[in-house]
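To start, the structure itself, in structure tokens.
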Amino acid sequence: MQSDIKTIKPKYLVDEKGNKKAVVLNFKEYENIMELIEDLEDTNDILKAEREATSFTPYEKFRKTWLKV
């Protein structure tokens, strides 16, 4: 991620009563947030795969089998 999430400075659109109804970000901030979400999704997928794995093959064994070395 290019910048820290804490540096994002959102602007809010409010209704006539002053209630926040929408958020406006500059495009770079939006891209940074989307990148963070993608990274979190990837991390979640890895953790899920680790929890659901029933067995592992050591890399060297896999490599020999795959490459038929």
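To convert, note that position 47 of the sequence shown is 117 in our numbering; the numbers rise steadily by one, no gaps. Just so you know, even glycine gets a beta-carbon here, dropped at the ideal spot from N, CA and C.
For residue i, list the residues DSSP reports as bridge partners.
| i | result |
| --- | --- |
| residue 83 | 92 |
Is it true that the CB of residue j sits closer than 8 Å to the CB of residue i?
| i | j | result |
| --- | --- | --- |
| residue 78 | residue 95 | yes |
| residue 76 | residue 83 | no |
Within a Cβ cutoff of 6 Å, which residues of the same chain sit near residue i, ignoring the five residues on either side of it in sequence?
| i | result |
| --- | --- |
| residue 99 | 78 |
| residue 130 | none |
Tell me where the alpha helix (DSSP H) around residue i begins and ends.
| i | result |
| --- | --- |
| residue 115 | 97 to 122 |
With DSSP as the reference, label residue i as helix, strand or coil.
| i | result |
| --- | --- |
| residue 199 | What is shown of the chain runs 71 to 139, which leaves residue 199 out entirely. |
| residue 127 | coil |
| residue 76 | helix |
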